[in-house]
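> Shown below is the structure under consideration.
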Amino acid sequence: MERFLVEKIVIGIKSGDEIFDTQSAAVQDISGDEIYYDNSEDALEIIRHSTAHLMAQAIKMLYPDAKFFVGPVIEDGFYYDFRTQEKISDTDLKAIEKQMKALIKKKFPIEQYSISKADVLEKFADDDLKQEVLKRIEDENITIYKQGEFEDLCRGPHVPNTRYLHNFKLIRVAGAYLGGDENREMLTRVYGTAFADKETLKEHLAMIEEAKKRDHRKLGNELKLFTFDDEIGAGLPVWLPNGARLRSKLESLLFTAHRKRGYQPVRAPEILKSEAWKVSGHYQNYGENMYFTTIDDVEYGIKPMNCLGHIKVYQNELRSYRDLPIKYFEYGVVHRHEKSGVMHGLFRVREFTQDDAHIFCTPEQIKENVIEVLGFVDDIMKSFGFEYNLEISTKPEKAIGDDKVWEIATQGLKDALDGSGIAYGIDEGGGAFYGPKIDIKITDALKRKWQCGTIQVDFNLPERFGLEYTDENNEKSQPVMIHRAILGSFERFIGILIEHVGGEFPFFIAPTQVIIVPIADAHLGYAKELANEMMEMEIDCEVSSKNESLNKRIRVAEKQRVPMILVVGDEEMNNKTVALRDRRERKQYNLTKAEFYNIIKEKMDEVHF
RNA sequence: GCCGAUUUAGCUCAGCUGGUAGAGCAAUUCACUUGUAAUGAAUAGGUCGGGGGUUCAAAUCCUCUAAUCGGCUCCA
Numbered sequence: 003m004e005r006f007l008v009e010k011i012v013i014g015i016k017s018g019d020e021i022f023d024t025q026s027a028a029v030q031d032i033s034g035d036e037i038y039y040d041n042s043e044d045a046l047e048i049i050r051h052s053t054a055h056l057m058a059q060a061i062k063m064l065y066p067d068a069k070f071f072v073g074p075v076i077e078d079g080f081y082y083d084f085r086t087q088e089k090i091s092d093t094d095l096k097a098i099e100k101q102m103k104a105l106i107k108k109k110f111p112i113e114q115y116s117i118s119k120a121d122v123l124e125k126f127a128d129d130d131l132k133q134e135v136l137k138r139i140e141d142e143n144i145t146i147y148k149q150g151e152f153e154d155l156c157r158g159p160h161v162p163n164t165r166y167l168h169n170f171k172l173i174r175v176a177g178a179y180l181g182g183d184e185n186r187e188m189l190t191r192v193y194g195t196a197f198a199d200k201e202t203l204k205e206h207l208a209m210i211e212e213a214k215k216r217d218h219r220k221l222g223n224e225l226k227l228f229t230f231d232d233e234i235g236a237g238l239p240v241w242l243p244n245g246a247r248l249r250s251k252l253e254s255l256l257f258t259a260h261r262k263r264g265y266q267p268v269r270a271p272e273i274l275k276s277e278a279w280k281v282s283g284h285y286q287n288y289g290e291n292m293y294f295t296t297i298d299d300v301e302y303g304i305k306p307m308n309c310l311g312h313i314k315v316y317q318n319e320l321r322s323y324r325d326l327p328i329k330y331f332e333y334g335v336v337h338r339h340e341k342s343g344v345m346h347g348l349f350r351v352r353e354f355t356q357d358d359a360h361i362f363c364t365p366e367q368i369k370e371n372v373i374e375v376l377g378f379v380d381d382i383m384k385s386f387g388f389e390y391n392l393e394i395s396t397k398p399e400k401a402i403g404d405d406k407v408w409e410i411a412t413q414g415l416k417d418a419l420d421g422s423g424i425a426y427g428i429d430e431g432g433g434a435f436y437g438p439k440i441d442i443k444i445t446d447a448l449k450r451k452w453q454c455g456t457i458q459v460d461f462n463l464p465e466r467f468g469l470e471y472t473d474e475n476n477e478k479s480q481p482v483m484i485h486r487a488i489l490g491s492f493e494r495f496i497g498i499l500i501e502h503v504g505g506e507f508p509f510f511i512a513p514t515q516v517i518i519v520p521i522a523d524a525h526l527g528y529a530k531e532l533a534n535e536m537m538e539m540e541i542d543c544e545v546s547s548k549n550e551s552l553n554k555r556i557r558v559a560e561k562q563r564v565p566m567i568l569v570v571g572d573e574e575m576n577n578k579t580v581a582l583r584d585r586r587e588r589k590q591y592n593l594t595k596a597e598f599y600n601i602i603k604e605k606m607d608e609v610h611f
């Protein structure tokens, strides 16, 4: 393979933003920059697309009844959607790979020709999936690629010969709706990946394996942070002591952060009369995903959001423009009926706690308040070392309120983002039913994106609940509500944090911050004395006094990813010192008690959102 | 909800084509009293996710159901 890289084999031409393979470039007489056979983005596009076709060819040989839909290149690989009568499972991938390798050996040239759409429709008249593909193509001339006996409609680009496709791996089998429409049939999808050389492929696969070790579900179990239980129910997390300690540290830091920024803590019930959800529109727009109960013949809905309670707090007094903005926050426990197939560790659950807040303000105050929230988000994300993306979601199909109101609200969000010079993406039609939003997205260990925080501008609920304040002219005006969450939910945020740090939590939030290992029973008293002093300093601390060897106890503490391990024996006890072992460096430092306490105080003071 | 797979001791996993279960770690007890990543021995622990069926016999085959995993769809 090295030989190819050195020789700089040309597999395509880049003209402007478009990539052409050598076959098309020759036919259409296109000139531009040459794309060499290597791991560049453009080359991988060609290689992966060709590998997808090679896979289709192999599948067709093994499953002659197979009909193919589409096979695009995706972020780190490719897939192909198809239909067969026979069920295909992960164990069949090996056979498909083997067949692909056999095809590579035949060194089929990959040839291209083009025919009119009418002819293609005719040619594939008995292939309903091809007809579906053709419905989605507007061009009058369709190109077809042929390798050996196999041909498929395709825009390309492709490598010139199947012999360039050695370094691939089929990853998994999945199901996918035809055209992404859940009302259509489900096709079989096989995911795979490919590179220009074997080493890069190996590295990529190793990286995926490494990432799996950071999976929060695996670490949550190993570190005894949380669990799920069949008897309790799907999507209902149970927080174990370690996880609950971690979570309560986060809660308390975030509480202070809110208070510093002028938010008032409030609290409202878990269940509210359905009548209230009808006023808000949740009953009509979201009822199928809510849980209900009946008390004395009156129907109540378990809250899926906290806004209604906060609205009632606002309505408890008459408000003046001088009071605005008013900011209420609550760690609100909400329940949402998620479909059975979507639960995913702590990332997608049926009960979760939002760090939810509502800002009631005048329309003029939207921009400054959104900017302030964006700053709050940035403070939190930086403290944990998270990279995040922002996305504006606009009016969805299921929506309440005027188009004009939506327009104003959406513009308000854009203005705030533009005003603070932050880059953002746009998700058309992805907004909440009552207003547009800015979503804060973070990626997990396997690079899947998850929405965490959110900022939503809402004119609709204030209208529906008739919210008012008295303005400068002593007249009644309607305030705007900004819904916002920074973490999104404690569940999802902690899940992401676990993956981000691979279980090695920073000192300020670690469930067990210090573990003391007395060398022998004689040192237990001193260990407990240290532990008590640290508990006074609000440091979570454990004494490892089990009847095990010193080495074993250190090993266990390390595996539990405890940031600081103190070993104490005769020397430490007599001199009132500690031997501190660093989690990562495996080095020891001998410190006096006072020196050590200063270090941990400093570590705690480093954190402020 | 849909497609595919999985479910055996607290955890991680063995258990071939049917003959009622094993290992390592963890736990408990005892001995050892340890100076920076696993001391040794003994003991205990499972109606094999749950229901129904086939069979002389089911962890193993069939069926329904639940949960989990990988995707799809969805996520106020």
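Take any residue in the first sequence, count from 1 to its spot, add 2: that is its number in this note's numbering. Glycine included, each C-beta is placed from N, C-alpha and C at the ideal position.
Tell me which same chain residues have a C-beta within less than 7 Å of the C-beta of K171, skipping the five on either side of it?
Position 169 of the first sequence, counted from the start, is the residue given in the question as residue 171. If we look at K171 and ignore the five residues flanking it on each side, its Cβ neighbours are G194, T195, L203 and L207.
> Looking only at DSSP bridge pairs, what is R191 linked to?
Sequence index remark: in the first sequence, residue 191 carries index 189 (1-based). R191 pairs with D83 and A176.
> Work out the CA separation of N169 and V609 for me, nearest whole Å.
On the first sequence, residue 609 is found 607 positions in, with the first residue counted as 1. On the first sequence, residue 169 is found 167 positions in, with the first residue counted as 1. Each residue's alpha carbon lies about 47 Å from the other.
> Given M263, which residues of its chain have a CB within under 7 Å of its CB, disregarding the five upstream and five downstream residues?
Numbered from its first residue, the first sequence carries residue 263 at position 261. The sequence given here places Arg at residue 263; Met does not occur at that position. F378, listed in sequence order.
> Quick one: what's D460 bridged to in DSSP?
For the purposes of this step, residue 460 is taken as the residue at position 458 of the first sequence. Answer is M483, bridged to D460.
> Run through DSSP, which three-state label would F331 get?
Within the first sequence, the letter at position 329 stands for residue 331. Looking at F331 - three-state DSSP - the assignment turns out to be strand.
> Alpha carbon to alpha carbon, how far is G433 from E211?
Taking the first residue of the first sequence as 1, we reach residue 433 at position 431. Taking the first residue of the first sequence as 1, we reach residue 211 at position 209. Distance between the alpha carbons of G433 and E211: 35 Å.
> Please determine, among M345, G289 and Y265, the residue with the shortest C-alpha to C-alpha distance to D357.
Locating residue 357 in the first sequence gives position 355, where the first residue counts as 1. Selected option, being the one with the closest Cα: Y265.
> For the alpha helix (DSSP H) containing G527, list its first residue and its last residue.
Sequence index remark: in the first sequence, residue 527 carries index 525 (1-based). Residues L526 to E538.
> From T579, K137, L242 and F230, pick the residue whose C-alpha is nearest to that of F613; which is it?
What is shown of the chain runs 3 to 611, which leaves residue 613 out entirely.
> For F71 versus L136, is the C-beta spacing smaller than 8 Å?
Within the first sequence, numbered from 1, the residue matching residue 71 stands at position 69. Within the first sequence, numbered from 1, the residue matching residue 136 stands at position 134. Against a cut-off of 8 Å, the Cβ pair of L136 and F71 comes out as no contact.
> Residues in its own chain within less than 6 Å of P306 by CB, not counting five upstream and five downstream?
For the purposes of this step, residue 306 is taken as residue 304 along the first sequence, with counting starting at 1. The answer, listed in chain order, is M292, V336 and R338.
> With distances taken between CB atoms, is the gap from Q101 to A60 smaller than 8 Å?
Numbered from 1 along the first sequence, position 99 holds the residue referred to as residue 101. Numbered from 1 along the first sequence, position 58 holds the residue referred to as residue 60. Against a cut-off of 8 Å, the Cβ pair of A60 and Q101 comes out as a contact.
> Going by DSSP in three states, G289 sits in which element: helix, strand or coil?
Counting from one through the first sequence, the residue named residue 289 turns up at place 287. DSSP places G289 in helix when its eight states are reduced to three.
> Roughly how many angstroms separate the alpha carbons of G181 and P74, rounded to a whole number?
Reading the first sequence from its first residue, position 179 is the one you call residue 181. Reading the first sequence from its first residue, position 72 is the one you call residue 74. Cα to Cα, the separation comes out at about 12 Å.
> Would you kindly check if the distance between the Cβ of A512 and the Cβ of V564 is under 8 Å?
Locating residue 564 in the first sequence gives position 562, counting from the first residue. Locating residue 512 in the first sequence gives position 510, counting from the first residue. Going by C-beta atoms, V564 is nearer than 8 Å to A512.
> Pair every Cβ in the region 463-480 with every Cβ in the region 498-516, then say whether three or more of these pairs are closer than 8 Å.
No, because fewer than three Cβ pairs between the region 463-480 and the region 498-516 fall closer than 8 Å, the two stretches do not touch.
> Whole angstroms is fine: what's the gap from T364's alpha carbon to R486's?
In the first sequence, the residue the question calls residue 364 occupies position 362. In the first sequence, the residue the question calls residue 486 occupies position 484. Going from the Cα of T364 to the Cα of R486 covers about 16 Å.
> Once DSSP output is grouped into helix, strand and coil, what is the label at F22?
In the first sequence, the residue the question calls residue 22 occupies position 20. Note: F22 maps to strand in three-state DSSP.
> On the three-pair Cβ rule with 8 Å, is the region 442-449 touching the region 400-419?
Touching, no, given that fewer than three Cβ pairs across the two stretches are closer than 8 Å.
> I'd like the span of the alpha helix (DSSP H) that includes G148, first residue to last.
Counted from its first residue, the first sequence places residue 148 at position 146. As written in the sequence, residue 148 is Lys, which differs from the Gly given in the question. Per DSSP, K148 belongs to no alpha helix (DSSP H); it is in the beta strand (DSSP E), N143 to Q149.
> Applying the 10 Å Cβ sphere with the 16-neighbour rule, what's the burial state of V570?
Within the first sequence, residue 570 is the residue found at index 568, counting from 1. Its Cβ being crowded by 16 or more others within 10 Å, V570 is buried.
> Is the beta carbon of I601 closer than 8 Å to that of L463?
As a working note, residue 463 is residue 461 in the first sequence. As a working note, residue 601 is residue 599 in the first sequence. No, Cβ-Cβ distance for L463 and I601 is not below 8 Å.
> Rounded to a whole number of angstroms, what is the C-alpha to C-alpha distance between R138 and K89?
What you label residue 138 is simply residue 136 of the first sequence in a count that begins at 1. What you label residue 89 is simply residue 87 of the first sequence in a count that begins at 1. Each residue's Cα considered, the two are about 27 Å apart.
> Give the straight-line distance between the Cα atoms of T412 and F388, rounded to the nearest whole angstrom.
Position 410 of the first sequence holds residue 412. Position 386 of the first sequence holds residue 388. Rounded to whole angstroms, T412 to F388 spans 26 Å at the Cα level.
> Which residues in the same chain as D429 place their Cβ atom closer than 8 Å to its Cβ, once the five residues preceding and following it in sequence are excluded?
Taking the first residue of the first sequence as position 1, residue 429 is located at position 427. So the list reads E393, I394, S395, T396 and D441, once near-sequence residues are dropped.
> Just verifying my parser: in three-state terms, what is the DSSP assignment at H284?
Taking the first sequence and counting its residues from 1, the one referred to as residue 284 is at position 282. The answer is helix: DSSP assigns H284 an H, G or I state.
> Quick one: Cα of Q87 to Cα of Q133, how far?
Locating residue 87 in the first sequence gives position 85, counting from the first residue. Locating residue 133 in the first sequence gives position 131, counting from the first residue. Between Q87 and Q133, the C-alpha separation is close to 19 Å.
> Within a Cβ cutoff of 8 Å, which residues of the same chain sit near F435, ignoring the five residues on either side of it in sequence?
What you label residue 435 is simply residue 433 of the first sequence in a count that begins at 1. G283, N287, Y288, P398, K400, A401 and I402.
> Can you look up V240 in the DSSP assignment and give me helix, strand or coil?
Residue 240 sits at position 238 when you count from the first residue of the first sequence. Note: V240 maps to strand in three-state DSSP.
> Which residue from Y82, D23, T93 and M188 puts its Cα closest to that of Y115?
Translated into the one-based positions of the first sequence, residue 115 becomes position 113. Per the Cα distances, D23.
> Report all residues from its chain with a CB closer than 6 Å to the CB of I110; omit the five preceding and five following residues, and keep chain order.
What you label residue 110 is simply residue 108 of the first sequence in a count that begins at 1. Residue identity differs from the one stated: residue 110 is Phe in this sequence, not Ile. Excluding residues within five positions, the ones whose Cβ falls inside 6 Å are Q149, G150 and T164.
> So, is N371 buried or exposed, given that buried needs 16 or more other C-beta atoms within 10 angstroms?
Locating residue 371 in the first sequence gives position 369, where the first residue counts as 1. The residue is buried, with at least 16 neighbouring Cβ atoms inside 10 Å.
> Take I2 as the anchor and find which of V351, D199, F126 and D154 has the nearest alpha-carbon.
The chain is shown only over 3 to 611; residue 2 falls outside these bounds and no answer can be derived.
> Thinking C-alpha only, which one of A176, F362, V545 and G18 is nearest I566?
Along the first sequence, one-based indexing puts residue 566 at 564. Residue 566 is actually Met in this sequence, not Ile. The shortest C-alpha separation from M566 is found at V545.
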